[in-house]
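K.L.:
In this note's numbering, the protein residues as written are 85 to 564.
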Amino acid sequence: MFNSKRFLFVTCLMAVCLSGCKIGERVTLSSRIAVPDTFGQEQGSASAADVKWNDFFKDPVLRFLIETAIQNNPDMAIALQRVKMVEASRFYYKRALLPNLDLELAGGLRRFGDYTIDGVGNYDTNFSEYVDGDRIIPNPVPDYFAGLRTSWEIDLWGKLRKRKRAAAARLLASESGMHFVKTALIAEVATLYYELLAYDNELRIIQENIRLQENAVEVVALQKEAGRATELAVKQFAAQLLNTRSLGIMVRQQIIHTENLLNRMMGRLPQQIERGAPINEQILPDQITTGIPSELLVNRLDIRQAEFSLLAAREDIASARAAFYPSLTISANAGLNAFRAGVLFDIPASVAYNVVGGLTTPLLNRYELRTAYKQRIAEGNTELAQYEKTVLTAFEEVYTSMSAIDNYAQSYDYKKEEVDELSGAIAISNDLFTAGYASYLEVIMAQRNVLQANIELTNTRKDQFVAVINLYKALGGGWK
Numbered sequence: 085m086f087n088s089k090r091f092l093f094v095t096c097l098m099a100v101c102l103s104g105c106k107i108g109e110r111v112t113l114s115s116r117i118a119v120p121d122t123f124g125q126e127q128g129s130a131s132a133a134d135v136k137w138n139d140f141f142k143d144p145v146l147r148f149l150i151e152t153a154i155q156n157n158p159d160m161a162i163a164l165q166r167v168k169m170v171e172a173s174r175f176y177y178k179r180a181l182l183p184n185l186d187l188e189l190a191g192g193l194r195r196f197g198d199y200t201i202d203g204v205g206n207y208d209t210n211f212s213e214y215v216d217g218d219r220i221i222p223n224p225v226p227d228y229f230a231g232l233r234t235s236w237e238i239d240l241w242g243k244l245r246k247r248k249r250a251a252a253a254r255l256l257a258s259e260s261g262m263h264f265v266k267t268a269l270i271a272e273v274a275t276l277y278y279e280l281l282a283y284d285n286e287l288r289i290i291q292e293n294i295r296l297q298e299n300a301v302e303v304v305a306l307q308k309e310a311g312r313a314t315e316l317a318v319k320q321f322a323a324q325l326l327n328t329r330s331l332g333i334m335v336r337q338q339i340i341h342t343e344n345l346l347n348r349m350m351g352r353l354p355q356q357i358e359r360g361a362p363i364n365e366q367i368l369p370d371q372i373t374t375g376i377p378s379e380l381l382v383n384r385l386d387i388r389q390a391e392f393s394l395l396a397a398r399e400d401i402a403s404a405r406a407a408f409y410p411s412l413t414i415s416a417n418a419g420l421n422a423f424r425a426g427v428l429f430d431i432p433a434s435v436a437y438n439v440v441g442g443l444t445t446p447l448l449n450r451y452e453l454r455t456a457y458k459q460r461i462a463e464g465n466t467e468l469a470q471y472e473k474t475v476l477t478a479f480e481e482v483y484t485s486m487s488a489i490d491n492y493a494q495s496y497d498y499k500k501e502e503v504d505e506l507s508g509a510i511a512i513s514n515d516l517f518t519a520g521y522a523s524y525l526e527v528i529m530a531q532r533n534v535l536q537a538n539i540e541l542t543n544t545r546k547d548q549f550v551a552v553i554n555l556y557k558a559l560g561g562g563w564k
């Protein structure tokens, strides 16, 4: 005797076995990077990343520029819209676990073939007509339906739930990316601001040197008239003056360029940027604490973004693997169905419903599923490599910035002593030249050296601030 229940069970079992064959081993994506215990400082020290940016930066003008950039920067607006796009995708996958439900109003016309069962054998006593002495259904026959249709895929193997978790992870990655844009924006605005202060100081130094060189040109011209200097000396001093004036023009152009960059980052047209105290009067933080390395994995938003993307890739791989197994889908419809529109709402005679449950497993399209599975694995390995690259870059930036703070501090001290020595050498060379004990080349060289040293001192001071900003950014500060 045929046992339909046993046949159905055996069929389902065979489908599961067939679909589960040759899928491949489960793929695990784990990083090989071991995080160190300390950055070389005390392990218990708090990280500077915990300090809010408006507390970290003391200059009120800089704080205003940063606040304006956060509100108006186009990159921030783009990042926000990307978050909304990913959020919409997450909502879609969240709804995928629920049944689809559609309201349907349909009307159609169907003609039966003369040599089909429907065409020669259907009849009734309500709507049929006499044809050649027989009562048969009119051909063609109208069909009207008003009701609900639904379909629901039962998530037996977690395929849809894994897609939902992947979408949630991508949303978190997108939000982390948006916050990382904020961190990078704050650091870039602060860097450009201190570059602008450095250019201002360079211009002041150049203008002072121009005044000194103008006096030197006048002095050597008088000495030439007195027979104590040559025309060559006058030409050399004049050429030095022209070179310094040209240098001042180039610095002015750099100031305009930097101001325009800041204005663009603040989302406004070119205009003059307000300044705070000169760079030599700006105060550096006493000490930047790094905290423990494990905190870097939490504070660095690019690491968190890469981590969430890796998590999404893991879920995608698991979902692609689950696609090899059978899927159970339930379809149903319920509503009013009739041959004529006039009796469509004749209830309960026109009430109709249908429920179908089906278990399907891939057979001929397994190559397509296998290709998708391999693609998800490759994408997962790419995300893993990107995560490891991001972690390595983060630690490299922290160690480099820590070293830069110490080295620039020492370099600034030496450079300041050099400027003091060269400034004294100018006065000495002028006196010796006036007394005839030094050549005009020695005076020109002294002026050139002190100008160059002053500019380098200013740049070193700027580099100190930039190193502090870079360490703050490298630790993940600015987004909280």
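Every residue gets a Cβ at the ideal spot worked out from N, C-alpha and C, and that includes glycine.
Quick one: what does DSSP say Asp-547 is sitting in, helix, strand or coil?
P.N.:
Locating residue 547 in the sequence shown gives position 463, where the first residue counts as 1. DSSP places Asp-547 in helix when its eight states are reduced to three.
K.L.:
Helix, strand or coil: how does DSSP classify Ala-153 here?
P.N.:
Looking up residue 153 in the sequence shown gives position 69. Looking at Ala-153 - three-state DSSP - the assignment turns out to be helix.
K.L.:
Considering only residues of the same chain and omitting the five flanking positions on each side of Ile-150, which have a CB-CB separation below 6 Å?
P.N.:
Translated into positions along the sequence shown, residue 150 becomes position 66. Taken in chain order, the residues that qualify are Ile-270, Val-273.
K.L.:
For the putative contact between Ser-403 and Lys-246, defined by C-beta atoms under 8 Å, what is the C-beta separation to the nearest angstrom?
P.N.:
Locating residue 403 in the sequence shown gives position 319, counting from the first residue. Locating residue 246 in the sequence shown gives position 162, counting from the first residue. Ser-403 to Lys-246, Cβ: 4 Å. Contact.
K.L.:
Between the alpha carbons of Ala-300 and Ala-537, how many angstroms are there, rounded?
P.N.:
Numbered from its first residue, the sequence shown carries residue 300 at position 216. Numbered from its first residue, the sequence shown carries residue 537 at position 453. Whole-angstrom Cα-Cα distance: 19 Å.
K.L.:
Among Ala-132, Ser-131, Trp-137, Ala-118, which one has its Cα closest to the Cα of Trp-563?
P.N.:
As a first step, residue 563 is located in the sequence shown; it is residue number 479 there, counting from the start. Nearest of Ala-132, Ser-131, Trp-137, Ala-118 to Trp-563, Cα basis: Trp-137.
K.L.:
Count the C-beta pairs between the stretch 256-267 and the stretch 375-391 that are closer than 8 Å, then say yes if the count reaches three, no if not.
P.N.:
Output reads yes: the stretch 375-391 touches the stretch 256-267.
K.L.:
Find the nearest neighbour of Arg-336 within the set Glu-365, Asp-547, Asn-285, judged by alpha-carbon distance.
P.N.:
Position 252 of the sequence shown, counted from the first residue, corresponds to residue 336. Answer by Cα proximity: Asn-285.
K.L.:
Tell me the residue span of the alpha helix (DSSP H) that contains Arg-254.
P.N.:
Indexing the sequence shown from 1 puts residue 254 at position 170. From DSSP, the alpha helix (DSSP H) with Arg-254 extends over 243-309.
K.L.:
How would you call Arg-312, buried or exposed, if buried means at least 16 neighbouring beta carbons within 10 angstroms?
P.N.:
What you label residue 312 is simply residue 228 of the sequence shown in a count that begins at 1. Exposed, since its Cβ has fewer than 16 Cβ neighbours within 10 Å.
K.L.:
For the alpha helix (DSSP H) holding Val-351, just list the boundary residues, first then last.
P.N.:
The count along the sequence shown starts at 1 and reaches residue 351 at position 267. Looking at the sequence shown, residue 351 is not Val but Gly. It is not in any alpha helix (DSSP H) - Gly-351 carries neither H nor E in the DSSP assignment.
K.L.:
Assuming Gln-366 contacts Asp-143 (C-beta within less than 8 Å), just tell me the rounded distance between them.
P.N.:
As a first step, residue 366 must be located in the sequence shown, where it is residue number 282. As a first step, residue 143 must be located in the sequence shown, where it is residue number 59. Confirmed, about 7 Å.
K.L.:
In chain order, what are the residue ranges of uninterrupted alpha helix (DSSP H) at least 4 long that sit wholly in the stretch 355-412?
P.N.:
Runs of the alpha helix (DSSP H) inside the stretch 355-412: 377-383, 385-406.
K.L.:
Does the stretch 452-465 touch the stretch 423-434, meaning 3 or more C-beta pairs lie closer than 8 Å?
P.N.:
Verdict: no, contact absent.
K.L.:
Counting along the chain, where does the beta strand (DSSP E) carrying Asp-227 start and finish?
P.N.:
Your numbering for residue 227 matches position 143 in the sequence shown. Note, Asp-227: beta strand (DSSP E), 225-238.
K.L.:
Among residues of its own chain, excluding the 5 on either side of Gln-338, which ones have a beta-carbon nearer than 6 Å to its beta-carbon?
P.N.:
Numbered from 1 along the sequence shown, position 254 holds the residue referred to as residue 338. Contacts found: Tyr-283.
K.L.:
Just to check my reading of the structure: Ile-565 and Thr-275 have Cβ atoms closer than 8 Å, yes? What is that Cβ distance to the nearest angstrom?
P.N.:
The requested residue 565 is not part of the displayed model; the chain covers only 85 to 564.
K.L.:
Below 8 Å, how does it come out for the stretch 528-543 and the stretch 478-494: are there three or more Cβ pairs, yes or no?
P.N.:
No, because fewer than three Cβ pairs between the stretch 528-543 and the stretch 478-494 fall closer than 8 Å, the two stretches do not touch.
K.L.:
Considering only residues of the same chain and omitting the five flanking positions on each side of Leu-345, which have a CB-CB separation below 7 Å?
P.N.:
By one-based count along the sequence shown, residue 345 stands at place 261. If we look at Leu-345 and ignore the five residues flanking it on each side, its Cβ neighbours are Leu-276.
K.L.:
Go to Asp-186, then tell me how far its beta strand (DSSP E) extends in each direction, as first and last residue.
P.N.:
Here residue 186 refers to the residue found at position 102 when the sequence shown is read from its first residue. Note, Asp-186: beta strand (DSSP E), 184-194.
K.L.:
Once you ignore the five residues that flank Met-529 on each side, which residues in its own chain have a CB closer than 6 Å to its CB?
P.N.:
Locating residue 529 in the sequence shown gives position 445, counting from the first residue. Once the five neighbours on either side are set aside, Met-529 has no close Cβ partner at all.
K.L.:
Among the residues of its own chain, which have a CB less than 6 Å from the CB of Glu-343, if the five just before and after it don't count?
P.N.:
Position 259 of the sequence shown, counted from the start, is the residue given in the question as residue 343. Closer than 6 Å at Cβ, skipping near neighbours: Ile-357.
K.L.:
For Thr-209, which of helix, strand or coil comes out of DSSP?
P.N.:
Residue numbering aside, residue 209 sits at position 125 when the sequence shown is read from its first letter. Note that Thr-209 has pLDDT 47, beneath the 50 cutoff, so the model's placement of it is unreliable and no number is given.
K.L.:
Assuming Ala-132 contacts Thr-373 under a Cβ cut-off of 8 Å, what Cβ separation, rounded to an integer in Å, is found between them?
P.N.:
As a position in the sequence shown, residue 132 is number 48, starting the count at 1. As a position in the sequence shown, residue 373 is number 289, starting the count at 1. Yes, they are in contact, since the Cβ atoms of Ala-132 and Thr-373 sit about 6 Å apart, within 8 Å.
K.L.:
On the three-state DSSP scale, how would you describe Ala-433?
P.N.:
The residue given as residue 433 occupies position 349 in the sequence shown. In the structure shown, Ala-433 sits in coil (DSSP, three-state: anything other than H, G, I, E or B).
K.L.:
Assuming Ala-422 and Asn-438 are in contact, meaning their beta carbons sit under 8 Å apart, how far apart are those beta carbons, in whole angstroms?
P.N.:
Taking the sequence shown and counting its residues from 1, one reaches residue 422 at position 338. Taking the sequence shown and counting its residues from 1, one reaches residue 438 at position 354. The Cβ separation is near 15 Å, so there is no contact.
K.L.:
Which word fits Ala-551, buried or exposed, when buried means at least 16 other C-beta atoms lie within 10 angstroms of its C-beta?
P.N.:
Taking the first residue of the sequence shown as position 1, residue 551 is located at position 467. Under this definition Ala-551 is a buried residue.
K.L.:
In chain order, what residues of the same chain have a beta carbon less than 6 Å from the beta carbon of Glu-399, not counting five sequence neighbours either side?
P.N.:
The count along the sequence shown starts at 1 and reaches residue 399 at position 315. Here the set comprises Lys-246, Arg-249, Ala-250.
K.L.:
I need the straight-line Cα distance from Ala-163 to Ser-173, nearest angstrom please.
P.N.:
Within the sequence shown, residue 163 is the residue found at index 79, counting from 1. Within the sequence shown, residue 173 is the residue found at index 89, counting from 1. Taking the straight line from one Cα to the other gives about 16 Å.
K.L.:
Thinking C-beta only, is Leu-331 closer than 8 Å to Ile-363?
P.N.:
As a first step, residue 363 is located in the sequence shown; it is residue number 279 there, counting from the start. As a first step, residue 331 is located in the sequence shown; it is residue number 247 there, counting from the start. For Ile-363 and Leu-331, no; Cβs fall outside 8 Å.
K.L.:
Using only CA atoms, which one of Ser-378, Glu-292, Gly-426, Phe-321 lies nearest to Thr-122?
P.N.:
Residue numbering aside, residue 122 sits at position 38 when the sequence shown is read from its first letter. Of the candidates Ser-378, Glu-292, Gly-426, Phe-321, the one whose C-alpha sits nearest the C-alpha of Thr-122 is Ser-378.
K.L.:
Within its chain, find whatever has a CB closer than 8 Å to the CB of Asp-186; leave out the 5 residues flanking it on each side and keep chain order.
P.N.:
As a first step, residue 186 is located in the sequence shown; it is residue number 102 there, counting from the start. For Asp-186, where only same-chain residues beyond five positions count, the Cβ hits under 8 Å are Leu-232, Arg-233, Thr-234.
K.L.:
Taking the CB atoms as reference points, tell me whether Leu-559 and Asn-449 lie closer together than 8 Å.
P.N.:
Within the sequence shown, the letter at position 475 stands for residue 559. Within the sequence shown, the letter at position 365 stands for residue 449. No, these two residues do not count as a Cβ contact at 8 Å.
K.L.:
Of the residues Thr-444, Asp-547, Ser-411, Lys-473, which one's Cα is nearest the Cα of Ser-495?
P.N.:
Indexing the sequence shown from 1 puts residue 495 at position 411. Minimum Cα distance to Ser-495 is reached at Asp-547.
K.L.:
Three-state secondary structure (DSSP) at Ala-422?
P.N.:
Taking the sequence shown and counting its residues from 1, the one referred to as residue 422 is at position 338. Strand.
K.L.:
Would you list the residues sitting across from Leu-443 in a DSSP beta bridge?
P.N.:
As a position in the sequence shown, residue 443 is number 359, starting the count at 1. Leu-412, per the DSSP bridge assignment.
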